[in-house]
Amino acid sequence: MDIAHLHFLVAEADAAQRRALVELLGQLGASRVTDVPDGHLALQRLDAGVGPKIDIAIVDLALPGMDGLELLRHLNGAHEGLRLIVTGAQPANLLFSVETLAQAVGVDLLGTIAKPVSAVKLKPLLDNYTPLARVDERPAAPRFGFPDIGVGLQKRQFEPFFQPKIELATGQVKGLEAFARWRHPEHGVLGPASFIDALQENNRVDFLDWSMIELSAERCRWFQDQGIPVPISLNLAPETLANAAFLRQISACVQRHGILPEYLTFEMPESSVLNTDPNFIERLVRLRMMGFGLAIDDYGTGRSNLQLLARIPFTELKIDRSFVDGASKRRPLGTVLRSCLGLAHSLERMSVAVGVETRQDWDFLQNLGCTYAQGYHIANPMEAAAFPNWLEDWRHFF
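Counting in full-length UniProt numbering, the sequence shown runs from 1 upward without gaps.
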């Protein structure tokens, strides 16, 4: 990668090491390097509103005055576009924890390097640098109260959009995930930010759930009539499942639309699935006995009881996007991802990586043996009518 246009900050206490690092950057192609001997000066330079913006800061953990850890906390994700590389004489497992800390405080870390710093260690991290994409300022999505949302649901203005789920080993489309969208007569297509909070505050997420279930089953039948027998996954709130009539109603729904239960998979967040209530667990078991699929969504964001997790009859483990996007470049994310995939494999469940944004993420997941992938690298959520043409293009691509 050509780094001549980037501005570097080197924060290193030892004068000889600082000079060597500046020279190394020059050898790799850097033309603009600012160096400072302590953490306070580093923060002042990063906070300065004048002078060229810093693109990459290389920070030693053992800085005097304000050490590298304190500097990380002060940065706290507030410097848009800044990427960090942390160096230190500490062992690899401790540097690994520093990467985890950087992620927790919202700092965009390219990686860590155990001293001494060399071109062999530094260049791969610099190669991972990508400029921050310019985001056009758009007005925030409108938010609606419960009465307006209720009217929209009654008028069938809500519909599922679908994002393909791809089998990594073959490239074949193995399913679709349904996302709720509102075709508002004035504001166009709206996402959950416009309506989910009001539904949750009024304890009526079940209104949306049943609308999506009914329409997804209807679309599933339509896909089959087009010669595309594709399963559909959709979110299910625990309170919807808790309704005494749920099992009877869902059985009637699939019969009404002429689809088999195995064509519907219900996704529930990890935090809600790990429930010891026997009535809740019984409903999960009955759903599986009826043939419906069950997926644990957002896996990795909760505090799993692994013994209970192993007893839940889920068919898929959906790994949260926070552990997928960029995992090929960030060791802590890659380690967590491997752990999640290993758990799914040991429990003989399918693994689904959510938030696959780049070809590099795709290749990384494929090499790790992940079962399925979905994300913007594959396709954005689309209306049902657009899926057959997209599928035709995808099959030509593969």
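Beta carbons are placed, not taken as given, at the ideal position from N, Cα and C, and that holds for glycine. If you're wondering where the values come from, they're calculated on a predicted model, not measured in any experiment.
Asked                                                                                                       : Found
Any 3 or more C-beta pairs closer than 8 Å across the region 162-181 and the region 227-243                 : yes
CB of V356 within 9 Å of CB of V324, strictly                                                               : yes
Short Cβ contact (9 Å threshold) for R32 with F8                                                            : yes
Neighbour-count burial assignment, F398, 16 or more Cβ in a 10 Å radius                                     : exposed
Straight-line gap, L122 to A169 (C-alpha atoms, nearest Å)                                                  : 33 Å
Distance between V10 and R19 (C-alpha atoms, nearest Å)                                                     : 9 Å
Contact between the region 272-283 and the region 248-259 (3+ Cβ pairs under 8 Å)                           : no
Boundaries of the beta strand (DSSP E) in which R181 is found, first to last residue                        : 173-184
Nearest-angstrom Cβ-Cβ length linking M66 and L101, presumed shorter than 8 Å                               : Wrong, their Cβ atoms sit about 15 Å apart, outside the cutoff.
Assumed close pair I296, M268 - CB separation to whole angstroms, cut-off 8 Å                               : 7 Å
Cβ distance (whole Å) where I149 is taken to contact I113 below 8 Å                                         : In fact, because the Cβ distance is near 51 Å, the residues do not count as touching under 8 Å.
Rounded straight-line distance, which links the Cα of V22 to that of H187                                   : 53 Å
Span separating the alpha-carbon of G342 from that of D108                                                  : 27 Å
Sequence-distant residues of the same chain with beta carbon closer than 8 Å to P64, five excluded per side : A13, P37, D38, G39
For H5, the first and last residue of its enclosing beta strand (DSSP E)                                    : Run containing H5: none; DSSP gives neither H nor E here.
contact_flag[the region 309-326, the region 378-385] where n(CB pairs < 8 Å) is 3 or more                   : no
Beta-carbon proximity list for R73, same chain, < 8 Å, skipping 5 on both sides                             : V105
Beta bridge counterpart(s) of K318 as assigned by DSSP                                                      : V352
Environment of R359 [buried if 16+ CB atoms lie within 10 Å]                                                : exposed
Assigned secondary structure, S233 (DSSP; H/G/I helix, E/B strand, else coil)                               : strand
Test item: CB-CB of G68 and D60 under 9 Å                                                                   : yes
Pairwise C-alpha distance: S328 and D361                                                                    : 6 Å
Cross-strand partners of L109 (DSSP beta bridge)                                                            : L84
L245 - DSSP class collapsed to helix/strand/coil                                                            : The sequence given here has Ala at residue 245, not Leu. Reduced to three states, the DSSP call for A245 is coil.
Beta bridge counterpart(s) of G293 as assigned by DSSP                                                      : T265
Segment limits, alpha helix (DSSP H) that includes Q154                                                     : 146-154
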